[in-house]
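Report on the structure given below.
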Amino acid sequence: MDRWTNLRKILHVDMDAFYASVEQRDDSSLIGKPVVVGGRLNSRGVVSAASYEARKFGIHSAMPMAEVYRRCPHAVCLPVNMLKYGEVSKQIREIFLTYTPMVEPLSLDEAFLDVTGSTSLFGPADEIALMIKERIQQELNLTASVGLACNKFLAKLASDLQKPDGFVVVQPDRVQEFLDPLSVERIWGVGKKTAEQLHSLNIRTVRDLRKLEQGYLSQLLGTVGSQLYLLARGIDDRPVESDRIVKSIGRETTFTSDIADRDLLETVLLKLSVDVGRRARKESLKAKTITLKVRYNDFQAVSRSHTLAQASNLDNVIYHEACNLLREVALKQPLRLIGVTLSNLTDQEVNQLSLFSELSQDSEHLTKVMDSVKEKYGETSITRARLLKPKEHSE
1 MDRWTNLRKI
11 LHVDMDAFYA
21 SVEQRDDSSL
31 IGKPVVVGGR
41 LNSRGVVSAA
51 SYEARKFGIH
61 SAMPMAEVYR
71 RCPHAVCLPV
81 NMLKYGEVSK
91 QIREIFLTYT
101 PMVEPLSLDE
111 AFLDVTGSTS
121 LFGPADEIAL
131 MIKERIQQEL
141 NLTASVGLAC
151 NKFLAKLASD
161 LQKPDGFVVV
171 QPDRVQEFLD
181 PLSVERIWGV
191 GKKTAEQLHS
201 LNIRTVRDLR
211 KLEQGYLSQL
221 LGTVGSQLYL
231 LARGIDDRPV
241 ESDRIVKSIG
251 RETTFTSDIA
261 DRDLLETVLL
271 KLSVDVGRRA
281 RKESLKAKTI
291 TLKVRYNDFQ
301 AVSRSHTLAQ
311 ASNLDNVIYH
321 EACNLLREVA
331 LKQPLRLIGV
341 TLSNLTDQEV
351 NQLSLFSELS
361 QDSEHLTKVM
371 DSVKEKYGET
381 SITRARLLKP
391 KEHSE
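What follows is the structure in structure tokens.
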């Protein structure tokens, strides 16, 4: 692979229909059936993942479950099991780390790997990619699609071209040959609105886009135009970042029926606050900003935020602030969705002691004990009394 000399060797590994594939792997009766992960059939939830059998019916991520029922009434619909998917994701990452420490997770089911410095130990980059695919198949009984290129943009494009179980290499001296036939929608930054603008100019492929001058693209699309000019030529200098900083921690839920009862909404907020608080503690992070998000039954979304004087990851603090923010929201219509997000995150060890540090330490100690019990005996082993109410209202 002489043509790769002095160039980075980047892999993008993308698991195939990850959540649905894990469910099919763990229950052989689901193999060959249209499996949809996201909620009950014909419910108010949305699709998180669809097996390739389900995709033949036009089912895709973020589709309302009611539409799934219309397209495929015999689909097998399962709830999201993030604990299980998270554990499998950790196993996948352990395989990655066998070959390089330069791993940048994008989500549970995809990551960038820089294997530039690994070739002296494991051989050429394409052989490393195939070894990773084979180990995922043999050890976890799952398939992954992999793209190999000299940068992240090209590697991610490549991994998507021959799914499932694909492997595409973009040779450095054939980048333009690879890019030119692709539709402009394939380029990062080209959403629906930008695509419509380009189509109105009869720009439909990367080859068409490449004919436009950088100045014209910048005038037409602003900073996005300059980015598209570079990407259309396969230029992307971003490094693989192995220690990505978590910028926010959020959790939201869509109700099976619209809710206007504040007491019930506050109960849901407690569950969400406990969830995001526990994740923040697991990541050794505290948040200064708490954000509440709601969506009315007409799909209008509203958010409210509050910044704390001192960062916290305690459930009670998060819940108190979320309830205060909810009181600022007019329930002019019932809600179909509610969510809580922590941001402005900081390492929990660097916080200053508050005036009530003794009380705060007691709360932190109690919270850690509850976390330990849940970790050892399961999520339902210990909970708050308010959460013992019926849970029939959300997905």
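Mapping of the sequence shown onto the UniProt record's numbering: position 28 corresponds to residue 28, and the numbering continues sequentially without gaps.
Virtual Cβ for every residue (Gly too), placed ideally from N, Cα, C.
- Within the stretch 52-127, the runs of alpha helix (DSSP H) that reach at least 4 residues and sit entirely inside it are, in chain order, 52-55, 65-71, 82-99 and 119-122.
- The three-state secondary structure of G234, taken from DSSP, is coil.
- In its chain, beyond the 5 residues on either side, N297, P334, L335 and R336 have a beta carbon closer than 7 Å to the beta carbon of D258.
- Shown here for F122: same chain residues with a beta carbon closer than 8 Å to its own, the five before and five after excluded, namely Y99, V115, I128 and M131 in chain order.
- Ranked by Cα distance from L308, the options S120, S343 and Y216 are led by S343.
- Taking a C-beta distance under 8 Å as the contact criterion, L326 and E266 qualify as a contact pair.
- For the options T346, D347, R3 and L345, the alpha carbon positioned closest to that of D173 is the one of R3.
- Beta-bridge partners assigned by DSSP to T253: I338.
- Of the candidates A66, H199, A62 and C77, the residue whose Cα lies closest to the Cα of E53 is C77.
- Partner residues in the beta bridge of H306, as assigned by DSSP, are I290.
- Per DSSP, reduced to three states, the secondary structure at G222 is coil, with no helix or strand assignment.
- Taking a cut-off of 8 Å for Cβ pairs, the stretch 163-172 and the stretch 220-230 do not touch, as fewer than three such pairs fall below it.
- With a cutoff of 8 Å on beta-carbon distance, D208 and D109 are scored as not near each other.
- Non-local C-beta neighbours of L30 in its own chain, meaning closer than 7 Å and more than five positions away in sequence, comprise E23, Q24 and V76, ordered along the chain.
- Straight-line measurement puts the Cα of E67 at about 34 Å from the Cα of Y319.
- Per DSSP, the unbroken alpha helix (DSSP H) holding L198 starts and ends at K192 to S200.
- Beta-bridge partners of T5 (DSSP): none assigned.
- Scanning its chain for C-beta atoms nearer than 6 Å, with the 5 sequence neighbours on each side dropped, one finds around D275 the residues R251, in chain order.
- Going by C-alpha positions, Y19 is about 27 Å away from V190.
- Around the beta carbon of E139, fewer than 16 other beta carbons lie within 10 angstroms, which makes this residue exposed.
- In this structure P73 is not in contact with G39, their Cβ atoms being roughly 15 Å apart against a cut-off of 8 Å.
- Judged by DSSP in its simplified three-state form, S343 adopts strand.
- With a threshold of 16 other beta carbon atoms within 10 Å, E104 meets it and is buried.
- With respect to the 8 Å criterion, H12 and G147 are classified as neighbours on the basis of their beta carbons.
- With contacts defined by Cβ atoms closer than 8 Å, A17 and S48 do not form a contacting pair.
- When the Cα atoms are used, K84 and I203 turn out to be separated by approximately 44 Å.
- The Cβ neighbour count for F299, taken over all protein chains shown within 10 Å, is under 16; the residue is labelled exposed.
- When the five nearest sequence neighbours on each side are left out, the beta carbons in the same chain lying within less than 6 Å of the beta carbon of E185 are those of A195, in order along the chain.
- Taking the Cα positions, L345 is about 10 Å away from N313.
- The alpha carbon of N6 has as its nearest neighbour, out of T119, S183 and S28, the alpha carbon of T119.
- The beta carbons of V340 and L269 sit about 7 Å from each other, so the pair counts as a contact at 8 Å.
- In terms of Cβ geometry, T253 and I338 form a close pair [threshold 8 Å].
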